[in-house]
Amino acid sequence: FQSAAMMDKAKYLNYQVLQRHAKLEQQSYPKKVNLHPNSLMFGNDQFHCPWLAYYTIQQTSKLYAYDVSEVSPFALLLFGGEPTVNHGGIEVGSWANFKCRNGKQLLPLLQAARAAIQDVLEKKLEDLKFDLSSSKELRACIELLKCNGLGFRREDPADIVRSGEGQEREFNEFENETAYMTRKDDEQQERMNQVWANAKNLAES
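Numbering-wise (the UniProt record's numbering), the sequence shown opens with residue 1 and increments by one.
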């Protein structure tokens with residue numbers, strides 16, 4: 001259910017996506033898109049950045065975007081289309097433009113950061129137990145996203161300490177997620193090994 005106030009706000013919010021020609025990739029034009037009423041961002045008019053990223057887009061009665069999230073400039077620069085220098089600034093995906101006097105000097109750093117992220121992802125695909133937290137380059141990119149390039153940020157809130165026995169200990173989303181998942185995989189493997197051992201002993205007895 002959406003309140004009347006949210007519906008009224010949504011009427012005055014305009015969103016666009018860059019529509020590319022199916023055969024002529026260099027040909028593109030902006031196209032109106034609507035946030036689906038079931039989206040958590042529907043009716044929201046408080047944004048820190050003028051860009052949104054969506055996971056799903058579908059044409060029904062209108063062109064609707066689902067699973068929408070606000071994205072920062074550095075998120076676009078690191079994960080968006082290949083950045084290029086254009087008219088004294090940096091352009092991403094022939095759509096988002098950032099004013100930057102030293103764009104030519106900054107571009108190699110962005111390309112190196114993007115290549116480092118790609119390299120880490122490829123290592124993870126090759127070895128699922130590869131510890132992402134061991135990558136200094138990835139940690140630098142994470143800090144860049146956390147502080148939006150300012151070099152400082154608010155401290156993370158204290159970890160939630162759960163009470164009671166048998167509950168899983170909390171993990172920090174950015175620092176210990178990989179270690180947590182690896183530990184859970186190992187525990188599952190140990191349980192499966194024990195099940196097979198018990199079954200084998202039962203069959204031999």
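All C-beta atoms, glycine included, are put in the ideal place defined by N, C-alpha and C.
Residue i, enclosing beta strand (DSSP E) - first and last residue
i    : result
P108 : Not the beta strand (DSSP E): P108 falls in the alpha helix (DSSP H), residues G103 to E126.
N97  : A96 to K99
A65  : L63 to E70
L30  : The amino acid occupying residue 30 in the given sequence is Pro; Leu does not appear at that position. Looking at the DSSP string, the run of the beta strand (DSSP E) that includes P30 is S28 to L35.
G89  : G89 to V92
Start and end residues, alpha helix (DSSP H) containing residue i
i    : result
P73  : P73 to F79
L138 : K136 to C147
Which of helix, strand or coil DSSP assigns to residue i
i    : result
A197 : helix
F171 : With a pLDDT of only 49 at F171, under 50, the local geometry of the prediction cannot be trusted, and no value is derived from it.
D131 : coil
L13  : coil
L52  : strand
E165 : Below a pLDDT of 50, predicted positions are generally treated as unreliable, and E165, at 48, falls in that range; no measurement from the model is reported.
E187 : helix
T84  : strand
L18  : strand
L202 : helix
Sequence-distant residues of its chain with Cβ nearer than 6 Å to residue i (five each side left out)
i    : result
L63  : V33
H48  : none
A203 : none
V71  : W51 and A53
Nearest-angstrom Cβ-Cβ length linking residue i and residue j, presumed shorter than 8 Å
i    : j    : result
N102 : G89  : Between G89 and N102 the Cβ distance is about 10 Å, and since that is not below 8 Å, they are no contact.
A65  : H87  : 29 Å between Cβ atoms; not a contact.
L40  : S28  : So it is not a contact: roughly 28 Å between Cβ atoms.
T182 : K104 : T182 to K104, Cβ: 41 Å. No contact.
H109 : P83  : It should be noted that the sequence gives Leu, not His, for residue 109. Not quite, the Cβ-Cβ distance comes to about 11 Å (not below 8 Å), so this is no contact.
Spatial neighbours of residue i in its chain, beta-carbon cut-off 8 Å, leaving aside the 5 residues before and after
i    : result
L138 : A116, I117, V120 and L132
T56  : A65, Y66 and D67
G166 : At G166 the pLDDT is 46, less than 50, meaning the model places this residue with poor confidence; the figure from the coordinates comes in the next sentence. Here the set comprises nothing.
L106 : I90 and C100
Q16  : P30, K31, K32 and V33
The ligand SAH heavy atom lying under 7 Å from the CB of residue i
i   : result
D45 : In the structure shown, the ligand SAH is absent, as is every other ligand, since no ligand is present at all.
Neighbourhood of residue i by C-beta distance below 7 Å, restricted to the same chain and skipping five residues each side
i   : result
L13 : D45
Inset, instruction - Evaluate the contact criterion for the segment 72 to 88 versus the segment 103 to 121: three or more CB pairs, one atom per stretch, below 8 Å. - result: yes
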